[in-house]
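Asker:
2 protein chains.
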Amino acid sequence: MNDISDFHTHHGAFGALGSFTLGRFGMPGGFNHHDGSRPGDDEVFLGMARGRSGLRVLPFFRYGNSDTSRFAQGNLLGDPIPVHRVAPETIRRRLGLGSDQWRWEDGSFKICTPFGKVPDPRQGWEALRDHVAPGILAILEFDNRGSDEEATGIFALAGTAPGAGPLHTDGLVGVARNGRTGWAAPASTGARPIAGFSPDLCLSPEGRPRSPHWLGACSGLAWVVPPRTLLRVPLALAWFHEGLATHGLESRYAYQEAFGNLAEVLTNLLDRAPELERRADELDAALEASGLEPERRWILSHAVRGYFGNSQLLRTSSQEPIWAVHEGEYAMINTLDLAVDQVFFEQELFPWVTREVLDLFAHRHSFVDHLRVPGDTHVHEGGVSFCHDMGVRNQFSVPGTSCYEVADLHGCFSHMTQEQAINWPLLACTHVLASGDRAWALERCGILESCLDGLERREHPDPARRAGVPGTESTRCGSGSEITTYDSLDPALAQARGNLYLVVKLWAAYRGLELVLRSLGRVESAERAGIARGRVEEAILAWPEFDGFLPAHADGRSRSAILPAVEGLVFPMHWKDPLLEGDDLPGFVLRLGSHLERVLDGGHCRFPDGGWRLSSTSGNSWLSKIALAQAVAEGVFGLPRDGKADGVHVGWLAPGSADWGFTDQIVDGKGIGSKYYPRGVSAILWPGARQSLT
Amino acid sequence: MNDISDFHTHHGAFGALGSFTLGRFGMPGGFNHHDGSRPGDDEVFLGMARGRSGLRVLPFFRYGNSDTSRFAQGNLLGDPIPVHRVAPETIRRRLGLGSDQWRWEDGSFKICTPFGKVPDPRQGWEALRDHVAPGILAILEFDNRGSDEEATGIFALAGTAPGAGPLHTDGLVGVARNGRTGWAAPASTGARPIAGFSPDLCLSPEGRPRSPHWLGACSGLAWVVPPRTLLRVPLALAWFHEGLATHGLESRYAYQEAFGNLAEVLTNLLDRAPELERRADELDAALEASGLEPERRWILSHAVRGYFGNSQLLRTSSQEPIWAVHEGEYAMINTLDLAVDQVFFEQELFPWVTREVLDLFAHRHSFVDHLRVPGDTHVHEGGVSFCHDMGVRNQFSVPGTSCYEVADLHGCFSHMTQEQAINWPLLACTHVLASGDRAWALERCGILESCLDGLERREHPDPARRAGVPGTESTRCGSGSEITTYDSLDPALAQARGNLYLVVKLWAAYRGLELVLRSLGRVESAERAGIARGRVEEAILAWPEFDGFLPAHADGRSRSAILPAVEGLVFPMHWKDPLLEGDDLPGFVLRLGSHLERVLDGGHCRFPDGGWRLSSTSGNSWLSKIALAQAVAEGVFGLPRDGKADGVHVGWLAPGSADWGFTDQIVDGKGIGSKYYPRGVSAILWPGARQSLT
């Protein structure tokens, strides 16, 4: 795999909903926090000046001119220092699982974002302090070993407005912007604040730091680098939100109780600098040793950053934890059809976050609906289901509702009731089977059994007419009809009823309930779940065939070939379900395997360049969903890795989505939606990937 | 004066640094708070739908389309209701001192921003609660009296991102956006929340409210208006900032201790709705009765809103009050050369704010410098002076510094030390002479006398060579030279040394010190001040003449005719100094009067259209400074009001600065700087204007 340098990626922290986004040449980035929906608006100026040769900086900015035009005309502030961009082709970037590093002629910049296991706050918040610090560590190296002249290194950000000031506290020197974002280095490194309208006015033409001019919106730190010296500087970058973090359901960031302000966070990060760098290096090494191919190592490293940058650990006034993952640019809170794909990553490190999401859905964003059967005007008893999400952009929706779902529609924004009725028990069973959290499961027997009831009724109100296929519409839809998570893909996947993707997920939900309820001693319910999944197996075995594959709908008209037909098999695969572990796979699984091989080999689900295609009737793809299909292809059916496809998928992200960090929705090789997204961590299901999480 | 409708103006509240800015057609506005530098980003949709004829709204927005493109293509959410803009020529707007009202065929919208005397927080914070509520009251009228059909009225804002939710509390129904901005009406009005991607998706094509779709960034309230009915709705609009308000010097908004959250503010405003509307009406009536001409009534009403929208009452953790006025788009805190022009307004209503600004400058942003005399390499003893400002955008500068001033410059951004050495005692003396705050003055004898010392030394270090003219440079300038507040106007006014504008202000400072020190029993100092002002009088009497006027500099080369030559006379005029009250004006005053008549009658200080021009060698004008010159022309010299000029000045604001609210810096009839500015309240010095502040 060739070096890829020119792309944005999140650099965030656990539960702090913030990022120092960096990497795209010629674009702003830098800090964004409390609103995870896009990269920040900071122009980043990072580099070195030596003598009168000007300031050479990495190309992480759009402009270099001072904006003093509002005050008067002309060159008011004396001669600026010439600013030169380091040529992109001379920059080497290495994205690892724990660090992201740039090297160029004058030095290096390494952002460390290590992650790992996080203790359960219900066992005591105190143990989480270091885990929830809202900031990251970087290591700056200014290399002046080849020169007999003194040089000046700078790290400065130009925002859209002034408001920065110096920070001098406990042995560190930094810059803070309205108490919300800031960065600092140990005073022992010789750091001094700089500020001005632009970086070319922060240094004299001779390359020396000027006195700070805080009226300007550019501010940062500068270091004198003696001749024949390499200066290595730990640099903490942090953010801080005061006051309530969420409304509707009121909460604050967990970090707000652990830290009093930005300065305390910066101090914490610098105190832990050696540990943070070591852990980042260890993650890099573990990924290298995992056996994953370079393309997959790169995608996974990118995706993990998207997850953390969208994560939010909150605390209510009664000390209850709330875990929220924002849906990237859409900023929806804990979208359930994302949660069910992210669980595989969460279970490796902090399974309690899944538990919290499950409970908050159950307590606050669940409901019992009624059902309609197409062609029948009666309203039938329904069952428990769950909302699509919990709200948007830090505003929780009214209990029992989502921000997304609207009545009377047949496509995007309609209700996703059937799918979420499947997703919640799938998420719950995966949590229980992966984490072994039996105590939790025992207390949720009631709702698990209600889910089973509801899923059966959603096949058909009349038990005699249940056929292992979702066949009803929630009355919540009004005059509309239910959709699936693939709502914006194409009609082949958008409609819920009779959808092969949902049928296989329904099987997984029944199977999960069967396993969990049996383990809890609920024999009768477990047997009922077993019978129900048998119905689904029959349905799959009886599914019509077209051109050698199973079309998306069993209506006899569908001609769509879809990869997500096999998506539901990731769950039993992850549970190590004995049904999939033996030498002989069940017949319905084999049929799905044949389908998968056919749509791949037949080219139905491939783009001309070899990238995987979710549906033969749509040009849309979601990378996180492709990863699930790949995991099943390799993990369940033993197909070889499609290296060519992985290479194409890398290109969809960079250059295809280089402006945005990890991006999920791709059309024609470019990210067009689901930008800055958390769901890419489904890649943890690739064979071997979990070994990197040591 | 013709009706003027199409312009933005602040609608703010005392000390709450916020505004619901409205009035410019085809532009966003709405809420901005905690950053007073520009109008908000809200598109405002206000109007009524009747039957299938669509929604008719005032034209306070740029676009009407739903942005669902990130989710999928096409018209996903059902048919939108057609949106029609009310034709601008059918809208009547009336801007009064207390209310701003629009009337159109379907109703009216009246924003009430009454203001008045505010008690001193050092007498107890409790009495300020109602004064510091961060919000305003509006009165909506939906007029359906002419129809037999039911109608729906709406008030909705479309921001740049979602995050709104419904507010149901204590008899009110509202919408809040992330707890930071919100609006509400009594539940008894039948208000119900609406939300969607755009206003055309908040109502059905039949004009009925749809269920809210909170994923959209448009949200608001809707009311059903029965046939043959006029519905009158009090609507509270509020904002709230949590956490620290300022850094560098840490403080919170005074309103944060008076109110727990946005809902409490909304409740307070609706509880006081009748009183707020009555007080707004009273201010309108008092202005009408003041005898001010329509043009001046309009400018004053506009200017007052700029002041309040930039005002900030803060409270430290030790309960000390801090008063800050932000410098409009530049957002500098308490720029001293603005404070000295705003004092005349403040003294009428809340003289204690001037006191707080004076003390904070003295305690935190003063210094003692050294002086240089041009052509002399020695460094001489200096004196006390004050910084240009206290910081920028809620970030206080390091004690002893401003955000603005930089060394080694000869123009904009250089130090303003001489002028601020004059401004602080002028501000102090005006406060003492207007408010009679003798107790405060007695405690400041020391610094007042130090100011006198310093001003004398700034003429020349050698007492024998003092000639009533500033003649030194502060060593703070380094290799540069001092400027004045007119830094960006032209060289005639920018240079401090030998500047006629500063000479007359220096006279006023000496005269103020003479009066105040004498009243405090400091006879010797008072006499010294009297002798010093005598020197200045001599200097003015000896000033060279060119073409019948006094050029800006006494260097024999200057050919600039400037109106600010007389600016310093506003102070003794405001103090009712006996020197100006008698029948015979002193000789130097008469000479300044001749200068003023000459530069006006000779056209030096007029633009071709009749607007006043501050300097014959610059096309820049500042409206607030013109008001000072007008006040002197009419109040000191008895010149008749220049009605034609007032008409031209109105045009500089609207249409000339219609995008920005009150704007000070005008070139070619358009606002080019100092936008969204507080200083226009100097217009309170117009004869008769004070009578409106009942």
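Chains as they are written, first to last, in our numbering: chain A, 347 to 1040; chain B, 347 to 1040. Where is the CB? At the ideal position from N, CA and C, for every residue including glycine. Note that the coordinates shown come from a computational prediction; the quantities given were computed from them, not determined experimentally.
1) My assumption, with CB atoms under 8 Å, is that Arg-790 (chain A) sits in contact with Arg-881 (chain A). Please give the rounded CB distance.
2) Give me the subset of the stretch 579-606 of chain B whose CB atoms are less than 7 Å from a CB atom of chain A, sorted by chain position.
3) Which residues does DSSP pair with Pro-512 (chain B) in a beta bridge?
4) From Ala-842 (chain B) to Val-671 (chain B), what does the alpha carbon distance come to, in whole angstroms?
5) Between which residues of its own chain and Glu-802 (chain A) is the CB-CB distance below 7 Å, once the five residues before and five after are set aside?
6) Since Leu-717 (chain B) sits in a beta bridge, which residues does DSSP pair it with?
7) Just the Cα atoms here: how many angstroms apart are Leu-835 (chain A) and Val-730 (chain A)?
8) Please go through the stretch 556-595 of chain A and give each complete beta strand (DSSP E) segment of 3 or more residues, from N-terminal end onward.
9) Could you pull the start and end residues of the alpha helix (DSSP H) that Glu-943 (chain A) belongs to?
10) Given that a residue counts as buried once 16 or more other Cβ atoms are within 10 Å of its Cβ, and exposed if not, what is Gly-505 (chain A)?
11) Listing by chain order, which chain A residues have their CB less than 8 Å from the CB of Asn-524 (chain B)?
12) 8 Å is my cut-off, CB to CB: does Ala-785 (chain B) come that close to chain A?
13) Measuring straight from C-alpha to C-alpha, what distance separates Gly-1091 (chain B) and Arg-643 (chain B)?
14) Going along the stretch 542-568 of chain B in order, which residues come within less than 7 Å of chain A, judged by CB to CB distance?
15) Can you list the residues of chain A that Val-744 (chain B) reaches, using a CB-CB cut of under 8 Å?
16) Once DSSP output is grouped into helix, strand and coil, what is the label at Gln-665 (chain A)?
17) Could you work out which residue in B:Leu-616, B:Gly-520, B:Arg-538 and B:Leu-779 is closest to Ala-484 (chain B) when comparing CA atoms only?
18) Where does His-354 (chain B) fall in DSSP's three states?
19) Run down chain A in chain order and give the residues with a C-beta less than 7 Å from the C-beta of Cys-823 (chain B).
20) Please go through the stretch 905-935 of chain A and give each complete alpha helix (DSSP H) segment of 4 or more residues, from N-terminal end onward.
21) Closer than 8 Å, CB to CB, is Val-752 (chain B) near chain A or not?
22) Can at least three beta-carbon pairs, one atom from the stretch 943-960 of chain A and one from the stretch 594-602 of chain A, be found at a separation below 8 Å?
23) Please report whether the beta-carbon of Ala-533 (chain A) lies at a distance below 8 Å from any beta-carbon of chain B.
24) On the criterion of 16 or more Cβ atoms from any shown chain inside 10 Å, does Glu-860 (chain A) qualify as buried, or is it exposed?
25) Please confirm whether Phe-707 (chain A) has its beta-carbon closer than 8 Å to some beta-carbon of chain B.
26) Give a yes or no on whether the C-beta atoms belonging to Ile-886 (chain B) and Arg-937 (chain B) are separated by under 8 Å.
27) Using the three-state DSSP reduction, which class does Tyr-1022 (chain B) fall into: helix, strand or coil?
28) Chain A beta carbons: is any one of them nearer than 8 Å to that of Phe-759 (chain B)?
29) Give me the subset of the stretch 487-517 of chain A whose CB atoms are less than 8 Å from a CB atom of chain B, sorted by chain position.
30) Check this for me: beta carbons of Thr-776 (chain B) and His-920 (chain B), under 8 Å apart or not?
31) How many angstroms separate the CA atom of Gly-1019 (chain A) from the CA atom of Thr-613 (chain A)?
32) For Glu-883 (chain B), list the residues DSSP reports as bridge partners.
33) From the DSSP output, read off the bridge partner residues of Trp-958 (chain B).
34) Could you spell out where the beta strand (DSSP E) holding Gly-393 (chain A) opens and where it closes?
35) From A:Ala-1004, A:Val-815, A:Ala-635 and A:Thr-459, pick the residue whose C-alpha is nearest to that of Ala-1035 (chain A); which is it?
36) Quick check: Ser-825 (chain A) and Asp-754 (chain A), are their CB atoms within less than 8 Å of each other?
Answerer: This is what the structure holds:
1) That pair is no contact at about 24 Å.
2) Glu-588, Gly-589, Leu-590, His-593 and Gly-594
3) DSSP output for Pro-512 (chain B) lists B:Val-521 as bridge partner(s).
4) Straight across, the Cα-Cα distance linking Ala-842 (chain B) with Val-671 (chain B) is about 25 Å.
5) Around Glu-802 (chain A): Arg-812 and Ala-878.
6) B:His-726 and B:Ser-820
7) When rounded, the distance between both Cα atoms is 27 Å.
8) 564-571 and 575-585
9) 933-947
10) buried
11) His-593, Arg-739, Asn-740 and Gln-741
12) no
13) There is simply no residue 1091 (chain B) to check, as chain B begins at 347 and stops at 1040 in what is shown.
14) Ser-557, His-559, Trp-560 and Leu-561
15) Gly-511 and Pro-512
16) coil
17) B:Leu-616
18) coil
19) Simply none; closest approach about 13 Å.
20) Runs of the alpha helix (DSSP H) inside the stretch 905-935 of chain A: 916-921 and 924-927.
21) yes
22) no
23) Not one chain B Cβ lies under 8 Å of Ala-533 (chain A).
24) That one is buried.
25) The Cβ of Phe-707 (chain A) sits no closer than 8 Å to any Cβ of chain B.
26) yes
27) DSSP places Tyr-1022 (chain B) outside both helix and strand once states are collapsed to three, so it counts as coil.
28) yes
29) Ala-507, Pro-508, Gly-509, Ala-510, Gly-511 and Pro-512
30) Inclusion of Thr-776 (chain B) and His-920 (chain B) in the CB contact set at 8 Å is warranted, their separation being smaller than that value.
31) Whole-angstrom Cα-Cα distance: 38 Å.
32) In the DSSP output, where bridge partners are listed per residue, Glu-883 (chain B) has none listed.
33) B:Arg-952
34) 389-396
35) A:Ala-635
36) Going by C-beta atoms, Ser-825 (chain A) is nearer than 8 Å to Asp-754 (chain A).
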